[in-house]
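What follows is a set of notes on a single structure, which appears directly below.
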Amino acid sequence: MDGDSNADTTGGFQAIGGESKSVYEVIVREMEDAVFLIDIEQMDDDYTFTFRRNNASHQEVTGLSEDELRGQTPRELLGDKQGATVAANYRRCAEQGETIQYEETLEFPAGRSHWQTKLTPITDGEQVTQIVGLARDITEQKEQQQKLQQLDRQFQTVLETMSAAVFLKDANGQYLLMNRACRELFNVDDEEIAGLTDDDLFPPEIAEKARKDDRQVIENGEMIELEEELPTATGNTVRLTRKSPVYAENGEIVGLCGVSTDITEQKQREREITHFKERFELALEGANLGVWDWDMTTDKVEFNEQWARMLGHSLDEIEPHLEEWEQRVHPDDLDAVEEALDEHIAGETDLYDMEHRMRTADGDWKWIRDIGKIAERDEDGEPVRAVGIHLDIDDRKTYERQLAEKREMFTQGPAVVFKWREAEGWPVEHVSENVEEVLGYTADELQSGAVQFSEIIHEEDRERVMQEIADNSTEGTEQFSHEPYRIVTPDGAVRWVLDHTRNIWKDGEIINRLGYLVDITEQRQNEIYLQNAQKVADIGWWRKEIPSDEIYWSEHVYDMWEADGEIGYLDHERFLDFIHPEDTDRVDQAWQAALDGEPYDIEHRIVTGDGEVKWMREVAEFTRDETDDPIEAVGIVQDITERKERERELEYYERVINTFGDIATVIDFEGEITYVSPSVERVLGYDPEDLVGQNGFEYQSSETVKAVEEAIEYVIEYPDESQTVQTKFRRADGSWCWIEATIQNQLEDDLIEGLLVNSRDITERKEYEQTLEEQRDNLEILNQIVRHDVRNQLQLVLAYGDMLEDYVEDDGEEYLRHVLKAGREAVGITQTAGEITEAMLSSETDPTPVNLRPVLEAQIEYVRENHERAVVSTEGSLPDVAVLADDMLESVFRNLLNNAIVHNDKELPEVTVSATTHEEVIRVRIADNGPGIPDQQKDQIFNQGEKGLDSEGTGIGLYLVQTLVDRYGGAVWVEDNDPEGSVFIVELRREQ
1 MDGDSNADTT
11 GGFQAIGGES
21 KSVYEVIVRE
31 MEDAVFLIDI
41 EQMDDDYTFT
51 FRRNNASHQE
61 VTGLSEDELR
71 GQTPRELLGD
81 KQGATVAANY
91 RRCAEQGETI
101 QYEETLEFPA
111 GRSHWQTKLT
121 PITDGEQVTQ
131 IVGLARDITE
141 QKEQQQKLQQ
151 LDRQFQTVLE
161 TMSAAVFLKD
171 ANGQYLLMNR
181 ACRELFNVDD
191 EEIAGLTDDD
201 LFPPEIAEKA
211 RKDDRQVIEN
221 GEMIELEEEL
231 PTATGNTVRL
241 TRKSPVYAEN
251 GEIVGLCGVS
261 TDITEQKQRE
271 REITHFKERF
281 ELALEGANLG
291 VWDWDMTTDK
301 VEFNEQWARM
311 LGHSLDEIEP
321 HLEEWEQRVH
331 PDDLDAVEEA
341 LDEHIAGETD
351 LYDMEHRMRT
361 ADGDWKWIRD
371 IGKIAERDED
381 GEPVRAVGIH
391 LDIDDRKTYE
401 RQLAEKREMF
411 TQGPAVVFKW
421 REAEGWPVEH
431 VSENVEEVLG
441 YTADELQSGA
451 VQFSEIIHEE
461 DRERVMQEIA
471 DNSTEGTEQF
481 SHEPYRIVTP
491 DGAVRWVLDH
501 TRNIWKDGEI
511 INRLGYLVDI
521 TEQRQNEIYL
531 QNAQKVADIG
541 WWRKEIPSDE
551 IYWSEHVYDM
561 WEADGEIGYL
571 DHERFLDFIH
581 PEDTDRVDQA
591 WQAALDGEPY
601 DIEHRIVTGD
611 GEVKWMREVA
621 EFTRDETDDP
631 IEAVGIVQDI
641 TERKEREREL
651 EYYERVINTF
661 GDIATVIDFE
671 GEITYVSPSV
681 ERVLGYDPED
691 LVGQNGFEYQ
701 SSETVKAVEE
711 AIEYVIEYPD
721 ESQTVQTKFR
731 RADGSWCWIE
741 ATIQNQLEDD
751 LIEGLLVNSR
761 DITERKEYEQ
771 TLEEQRDNLE
781 ILNQIVRHDV
791 RNQLQLVLAY
801 GDMLEDYVED
811 DGEEYLRHVL
821 KAGREAVGIT
831 QTAGEITEAM
841 LSSETDPTPV
851 NLRPVLEAQI
861 EYVRENHERA
871 VVSTEGSLPD
881 VAVLADDMLE
891 SVFRNLLNNA
901 IVHNDKELPE
911 VTVSATTHEE
921 VIRVRIADNG
931 PGIPDQQKDQ
941 IFNQGEKGLD
951 SEGTGIGLYL
961 VQTLVDRYGG
971 AVWVEDNDPE
981 GSVFIVELRR
991 EQ
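Residue numbers (full-length UniProt numbering): 1 to 992.
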């Protein structure tokens with residue numbers, strides 16, 4: 001493109017007219033996608049690409065202004081390596097002459113960007129002169145894709161390392177997947193899974209039972225759990241199997257998932273426990289004694305039901321091993337317990353007798369008296385068996401602790417004992433001496449009335465404390481506790497106290513109040529610290545009194561849920577009012593199940609007091625009475641809205657990835673598939689999970705597998721480069737298709753750690769290429785017929801016509817001349833048609849040096865012989881130089897010379913041939929005295945099928961000239977001759 005053509009302010013973004021041009025300009029400038037324009041300069045087979053313009057989005061992403069971009073080549077702008085890759089894509093677009101799309105990663109001044117780029121060629125006539133590029137930043141999409149790939153690999157690893165056997169079946173009972181434990185259980189290889197049914201694995205009666213269970217799951221949409229005895233590769237085993245329905249996106253049940261655990265040893269253990277229980281049942285009946293029997297050679301221990309129940313467990317939950325006891329002993333007691341046990345084993349004591357704490361099922365600690373004795377020793381005196389009992393002494397210890405606490409209250413400690421007279425101001429009749437240490441006031445100050453107790457209560461708490469006294473002064477109220485309140489010390493400091501008060505009644509009236517105040521300042525400070533920590537972690541807590549249906553929330557729950565906390569508590573119905581309508585039933589069902597003993601761990605949405613929707617996670621623990629009825633629940637609630645939004649975003653990108661037509665595969669350097677995208681099922685018919693772990697070479701055709709191996713070897717040796725290879729791949733149905741695969745080395749990538757292969761199905765393209773090849777073969781056959789058979793027949797016509805000249809009378813000579821002329825023209829047409837066919841069918845190769853003068857002289861002589869009534873002359877000497885062409889150069893000049901004579905309307909056609917030599921080119925001029933060519937036709941006469949002025953010819957001669965000259969990297973055009981006629985100019989490159 002010359003300088004003048006670049007002067008328009010649109011920068012080459014083409015539009016229709018002035019107003020439309022402005023509209024397009026605004027659209028391009030304001031597009032969110034990055035848009036850029038490339039100018040193309042073509043010289044022979046070489047292209048020069050220069051950036052011309054970019055919009056605001058492109059400038060922002062790349063950090064390159066339009067001035068910095070304009071006039072730069074890809075190599076100048078991006079460096080040799082990136083520039084070569086980018087230029088190759090531009091060249092591909094220019095050569096194909098159609099829009100192409102691909103992904104690329106480029107380093108710009110503003111940083112690295114992953115782009116999805118679309119290039120659209122702009123043509124001027126038949127030549128691509130510009131390319132419009134549109135790039136969309138897919139960096140975040142790539143990162144999410146890597147995260148998803150990492151999550152998928154982690155999931156596959158977890159599944160394969162599970163000890164439980166996991167399997168997946170479709171609705172027809174055919175196995176789709178087995179994890180490693182399941183495959184080993186039935187001695188099945190991974191490639192044998194597809195198509196297997198229970199009939200292939202089990203005897204008929206067991207297979208029929210399995211099908212019945214499967215129908216129950218699929219037809220009722222329910223999860224079932226069953227114990228079953230199954231034959232396996234290692235013998236019969238007892239297994240606990242859970243089967244759950246698998247749903248499609250539309251809610252239809254499409255199969256089931258099963259998890260099977262070996263419980264053979266557990267069942268054997270249950271039988272042994274039953275036997276043990278029967279032996280001691282009479283002895284232990286009516287006594288709450290836990291019994292243990294310890295095999296000291298194996299550390300296997302038999303516990304009875306009372307031993308487990310004492311700790312809140314069932315016997316099934318206790319493993320018959322010493323560790324079950326050791327891990328439950330309180331850490332502070334363990335050293336003393338082991339010391340006492342060692343002394344007894346050494347024979348220093350008659351009995352092992354210790355009191356210690358053990359952890360219960362609900363996480364609390366219970367006091368146990370543990371008494372045992374060595375029951376058996378071997379011949380060397382080493383102990384081999386010990387037996388003993390557990391006694392529950394928790395109530396006794398609790399009573400002892402309470403006594404100690406009360407005793408401590410009345411001694412020097414954090415509790416202060418008060419006796420108040422029931423009168424205004426709470427006059428103090430007695431206070432313990434430690435009051436000065438705890439609250440800072442002397443006993444005399446308080447007992448003398450110099451300091452009234454009501455006045456030292458913090459003014460913000462005073463009214464509430466007085467109201468609590470009034471509320472607990474009704475007849476029958478013996479004692480009550482205040483909510484914690486603050487005492488102001490003489491120096492102005494604040495101490496938090498917990499006040500337990502007992503009313504002293506006489507004749508139906510309260511005359512005194514006796515109580516003790518416990519200093520809980522440190523505890524309150526810790527609670528405040530905990531509340532602040534909960535706010536930072538976005539976690540609140542709640543407590544529910546189940547019998548009264550009263551729920552108490554922490555302040556942070558009220559803040560998170562944006563609820564009014566003045567009422568102090570709420571009931572279950574009010575709680576459900578906050579739950580999102582679509583989650584209400586699920587939350588209520590989870591709560592009811594938790595009341596029956598199921599874990600309460602649920603994620604749900606709420607609608608806050610301000611109408612905002614948030615996601616919450618709730619986890620709760622329950623306290624139950626002696627009848628196992630729930631009486632209290634304590635739980636935490638956490639705002640997980642941000643996490644849910646991230647999960648939805650990942651799910652969105654996963655769906656986007658699944659819609660791509662190309663297949664993304666990760667393989668190791670030996671060809672084993674470690675990941676394949678879900679699109680493989682749509683393109684090739686394989687379940688992605690079935691391909692993972694397989695060797696990709698096993699699916700390749702032997703015709704193309706070597707090319708794939710070489711491509712892999714190349715990218716391993718040159719990790720910064722990629723390779724594209726075409727290969728035949730076997731589909732899931734056994735048919736073959738053509739795949740074009742681009743391989744990149746990502747072995748050093750922490751997420752991918754393999755070779756990334758991007759594949760697409762090009763079967764239709766290959767079939768189209770085959771069709772073109774067949775058409776080419778047919779065209780060659782037709783060319784042979786035209787050039788040989790038809791031409792030979794025409795030569796016979798001309799020969800017989802020449803022989804008739806001696807026999808035709810004068811009035812028939814004119815007709816004979818017409819016959820001979822038509823025959824010669826037909827021979828010329830067949831020759832030209834053959835040359836065009838040869839030019840079209842021949843593969844393009846680089847031109848080679850051809851001596852120009854012999855070619856010109858031969859064609860001038862040929863035309864003179866065939867056109868005796870025309871004058872063909874040369875002007876000056878013809879240069880003896882070599883030009884870049886091939887053996888069809890003679891066709892160029894023969895057709896131009898014939899054209900100058902055939903289309904000449906003069907009685908004596910005159911043609912003059914001349915040539916001029918320049919530094920890099922030779923220009924050959926063929927001038928005639930014919931009618932000339934109008935200006936509006938000068939650019940069209942070289943097109944296929946175009947005819948000269950008043951011509952009845954085919955128009956293919958000049959088309960052949962244009963085709964050949966273009967192949968040589970030259971040019972041909974027509975000018976007016978002076979004073980009349982036309983001049984055809986052929987410009988050819990000289991040999992350098």
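Backbone N, C-alpha and C fix where the C-beta goes; we use that ideal spot for every residue, glycine too.
Owing to the predicted nature of the structure, the values given are computational and were not obtained by experimental measurement.
* Secondary structure at His906, three-state DSSP: helix, strand or coil? -> Taking the first residue of the sequence shown as 1, we reach residue 906 at position 906. Sequence inspection shows Lys at residue 906; the His mentioned does not correspond to that position. Under the three-state reduction of DSSP, Lys906 is assigned to coil, being neither helix nor strand.
* **Reduced DSSP secondary structure (H/G/I, E/B, other) of Asp639** => Counting from one through the sequence shown, the residue named residue 639 turns up at place 639. Here Asp639 sits in strand by DSSP.
* Can you tell me whether DSSP reads Trp496 as helix, strand or coil? -> Position 496 of the sequence shown holds residue 496. Of the three classes helix, strand and coil, the one that applies to Trp496 here is strand, per DSSP.
* Could you check which residue in Gly381, Arg396, Glu555 has the C-alpha nearest to that of Trp367? => Numbered from 1 along the sequence shown, position 367 holds the residue referred to as residue 367. The closest CA to that of Trp367, considering only Gly381, Arg396, Glu555, is found on Arg396.
* Residue burial classification, Trp505 (beta-carbon count within 10 angstroms, cutoff 16) -> Within the sequence shown, the letter at position 505 stands for residue 505. Under this definition Trp505 is an exposed residue.
* Asked: How is Ala590 classed by DSSP in three states: helix, strand or coil?
  -> Residue 590 sits at position 590 when you count from the first residue of the sequence shown. In this structure, DSSP gives Ala590 a helical state, which the three-state scheme calls helix.
* For the stretch 421–451, list the beta strand (DSSP E) runs that are entirely contained and at least 3 residues long, ordered along the chain. => Within the stretch 421–451, the runs of beta strand (DSSP E) that reach at least 3 residues and sit entirely inside it are, in chain order, 428–431.
* **Nonlocal neighbours in the same chain, by C-beta distance under 7 Å from Leu185, ignoring five residues either side** => Sequence index remark: in the sequence shown, residue 185 carries index 185 (1-based). The answer, listed in chain order, is Ala165, Thr232, Ala233.
* **Alpha carbon of Met409 to alpha carbon of Val416, nearest angstrom** => Here residue 409 refers to the residue found at position 409 of the sequence shown. Here residue 416 refers to the residue found at position 416 of the sequence shown. For Met409, the predicted model reports a pLDDT of 47, less than 50, meaning its position is unreliable and no value from the coordinates is stated.
* Where does Ile40 fall in DSSP's three states? -> Counting from one through the sequence shown, the residue named residue 40 turns up at place 40. The answer is strand: DSSP assigns Ile40 an E or B state.
* To do: List the endpoints of the continuous beta strand (DSSP E) containing Ala711.
  => The sequence position of residue 711 within the sequence shown is 711, counting from 1. If you look at Ala711, you'll find it isn't in any beta strand (DSSP E); it sits in the alpha helix (DSSP H) that goes 705–717.
* To do: Quick one: using the 10 Å Cβ neighbour count with 16 as the cut-off for buried, is Met43 buried or exposed?
  => Here the question's residue 43 lines up with position 43 in the sequence shown. In this structure Met43 is exposed. Its beta-carbon is surrounded by fewer than 16 other beta-carbon atoms within 10 angstroms.
* Please state if the CB of Asn179 and the CB of Glu160 are separated by a distance shorter than 9 Å. => On the sequence shown, residue 160 is found 160 positions in, with the first residue counted as 1. On the sequence shown, residue 179 is found 179 positions in, with the first residue counted as 1. Contact flag set, yes.
* Asked: Would the beta-carbon of Gly876 fall within 9 Å of that of Ala915?
  -> The residue you call residue 876 lines up with position 876 of the sequence shown. The residue you call residue 915 lines up with position 915 of the sequence shown. The answer is yes: Cβ separation under 9 Å.
* **Bounding residues of the beta strand (DSSP E) (the contiguous stretch that carries Ser548)** => Counting from 1 along the sequence shown, the entry for residue 548 is found at position 548. For Ser548, no beta strand (DSSP E) segment is defined, and its DSSP state is neither H nor E.
* Could you work out which residue in Pro931, Arg894, Asp939, Ile901 is closest to Val924 when comparing CA atoms only? => Working through the sequence shown from its first residue, we reach residue 924 at position 924. Of the candidates Pro931, Arg894, Asp939, Ile901, the one whose C-alpha sits nearest the C-alpha of Val924 is Arg894.
* Secondary structure, beta strand (DSSP E): runs of 3+ residues fully inside the stretch 111–140 -> Listed in chain order, they are 111–124, 127–137.
* Does DSSP put Gln744 in a helix, in a strand, or in coil? -> Along the sequence shown, one-based indexing puts residue 744 at 744. In the structure shown, the three-state DSSP call for Gln744 is strand.
* Asked: Do the stretch 124–134 and the stretch 87–101 make contact, defined as three or more Cβ pairs closer than 8 Å?
  -> Touching, yes.
* Is it a yes or a no for the stretch 600–616 touching the stretch 545–563, going by three-plus beta-carbon pairs under 8 Å? -> They touch, by the three-pair rule.
* To do: Determine the direct distance from the alpha carbon of Glu621 to that of Val301, and round the result to whole angstroms.
  => Counting from one through the sequence shown, the residue named residue 301 turns up at place 301. Counting from one through the sequence shown, the residue named residue 621 turns up at place 621. Put simply, the backbone Cα of Val301 is about 30 Å away from that of Glu621.
* Could you tell me which residues DSSP puts in a beta bridge with Ile100? => Along the sequence shown, read from residue 1 onward, the residue named residue 100 stands at position 100. Residue pairing for Ile100: DSSP places it in a beta bridge opposite Leu119.
* For Ala664, the first and last residue of its enclosing alpha helix (DSSP H) -> For the purposes of this step, residue 664 is identified with residue 664 of the sequence shown, where counting begins at 1. Looking at the DSSP string, Ala664 is not in any alpha helix (DSSP H); the run it does join, the beta strand (DSSP E), is 663–667.
* Asked: Could you give the residue range of the alpha helix (DSSP H) that holds Ser57?
  -> On the sequence shown, position 57 is the one that residue 57 refers to. Bounds of the alpha helix (DSSP H) holding Ser57 are 56–62.
* When the Cα atoms are used, what is the spatial distance from Ala248 to Val254? -> The count along the sequence shown starts at 1 and reaches residue 248 at position 248. The count along the sequence shown starts at 1 and reaches residue 254 at position 254. Straight-line Cα distance between these residues: approximately 6 Å.
* To do: Decide yes or no for the touch test of the stretch 518–525 against the stretch 595–602: beta carbon pairs closer than 8 Å, at least 3 of them.
  => By the criterion of at least three beta-carbon pairs nearer than 8 Å, the stretch 518–525 is not in contact with the stretch 595–602.
* Asked: Does the stretch 960–967 touch the stretch 848–858, meaning 3 or more C-beta pairs lie closer than 8 Å?
  -> Of all C-beta pairs linking the stretch 848–858 to the stretch 960–967, fewer than three are shorter than 8 Å, placing the two stretches out of contact.
* Taking Cβ to Cβ, would you say Ala927 is nearer than 9 Å to Ala971? -> In the sequence shown, residue 927 corresponds to position 927, counting from 1. In the sequence shown, residue 971 corresponds to position 971, counting from 1. Cβ distance not < 9 Å, so Ala927 and Ala971 don't count as in contact.
* Asked: CB-CB under 8 Å to Leu351, same chain, minus the five flanking residues each way: which ones, in chain order?
  -> If you number the sequence shown from 1, residue 351 lands on position 351. These residues qualify, in order along the chain: His344, Ile371, Gly372, Lys373.
* To do: May I ask you to report which of helix, strand or coil DSSP gives Ala248?
  => For the purposes of this step, residue 248 is identified with residue 248 of the sequence shown, where counting begins at 1. Coil.
* Asked: Taking Cβ positions, are Thr724 and Ala741 nearer each other than 9 Å?
  -> Looking up residue 724 in the sequence shown gives position 724. Looking up residue 741 in the sequence shown gives position 741. Yes, Cβ-Cβ distance for Thr724 and Ala741 is below 9 Å.
* Neighbour-count burial assignment, Trp115, 16 or more Cβ in a 10 Å radius -> Within the sequence shown, numbered from 1, the residue matching residue 115 stands at position 115. Of the residues assessed, Trp115 falls on the buried side of the cut-off, its CB having 16 or more other CB atoms within 10 angstroms.
* **Arg513 beta carbon less than 9 Å from that of Arg495** => Taking the sequence shown and counting its residues from 1, one reaches residue 495 at position 495. Taking the sequence shown and counting its residues from 1, one reaches residue 513 at position 513. Not closer than 9 Å, so no.
* How would you call Asn745, buried or exposed, if buried means at least 16 neighbouring beta carbons within 10 angstroms? -> To locate residue 745, count along the sequence shown from 1; it is residue 745. Flag for Asn745 reads buried.
* Cβ of Glu562 versus every heavy atom of the ligand FMN: is any distance shorter than 8 Å? -> The model on display carries no ligand, and the ligand FMN is accordingly not part of it.
* Going straight from the alpha carbon of Trp292 to that of Ile389, what length do you get? -> To locate residue 292, count along the sequence shown from 1; it is residue 292. To locate residue 389, count along the sequence shown from 1; it is residue 389. Cα-Cα distance, rounded: 6 Å.
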